[in-house]
Amino acid sequence: MARAKGNVIIDEFYCKGCELCVSVCPKDILALDETRLNISGYNPCMVTDMGECIACANCAKMCPEAAITVEKCD
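Using full-length UniProt numbering, the letters of the sequence shown correspond one by one to residues 1 to 74.
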């Protein structure tokens, strides 16, 4: 497993499950968590493999709700 270059933080309170972040992730590590609903009744986004994150921040840039933050790891 590769060492993560980024840490994706998803604020599930604001996530509306639009999947825009999922569609722009070049490593395909984002998906909707279809086993849970957030307080607003949406399936929130989740990271499936943080070790593969390259910290491109495409997901954060695309999120219309500003629910995603990407921190670069050293």
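Think of the CB as a built atom: it goes at the ideal place given N, C-alpha and C, for glycine as much as any other residue.
- Task: Select from K27, I39, P26 and P44 the residue whose C-alpha is nearest the C-alpha of R33.
- Result: The sequence as given places Asp at residue 33; Arg does not occur at that position. Of the listed residues, the one whose Cα sits closest to D33 is P44.
- Message: For P26 and L37, what's the separation of their Cα atoms in angstroms?
- Response: 25 angstroms
- Give the single residue among M62, I68 and C56 whose Cα lies nearest to the Cα of K5. C56
- Separation of I29 from D49, as counted between CA atoms: 5 angstroms
- Task: Using beta-carbon positions only, say whether V24 and M62 come within less than 8 angstroms of one another.
- Result: yes
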